[in-house]
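Throughout, this note's numbering is defined as the position within the sequence shown, counted from one, plus 132.
Glycine included, every Cβ here is placed at the ideal spot set by N, Cα and C.
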Amino acid sequence: MECDLMETDILESLEDLGYKGPLLEDGALSQAVSAGASSPEFTKLCAWLVSELRVLCKLEENVQATNKVIQKLKYQNKVM
């Protein structure tokens, strides 16, 4: 129940920020988060969030979405 409320809050926040991706669909966010870096949609969401933060915070760093296993490993190492 608590996780459902948290997911709802996160989805509402993503919508408020202007996110229009497929993770707004029922259950999609939970599945993507569970899969982590092996989920292309999860990495796309992370890349989108970073791109939004770059504008607001004048950051130089960038994160790219990934689709391949090697990229997934590099992505995990970069984010951590």
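Cβ shell of residue i (< 6 angstroms), same chain only, five flanking positions each side left out
| i | result |
| --- | --- |
| residue 195 | 178, 179, 182 |
For residue i, three-class secondary structure by DSSP
| i | result |
| --- | --- |
| residue 190 | coil |
| residue 162 | helix |
| residue 195 | coil |
CA nearest to the CA of residue i, picked from the options
| i | options | result |
| --- | --- | --- |
| residue 153 | 140, 174, 168, 166 | 174 |
| residue 198 | 191, 167, 157 | 167 |
| residue 184 | 139, 141, 135, 148 | 148 |
Assigned exposure category for residue i - 16 Cβ within 10 Å defines buried
| i | result |
| --- | --- |
| residue 137 | exposed |
| residue 156 | exposed |
Neighbourhood of residue i by C-beta, 7 angstroms cutoff - its chain only, sequence neighbours within 5 removed
| i | result |
| --- | --- |
| residue 143 | 156, 161 |
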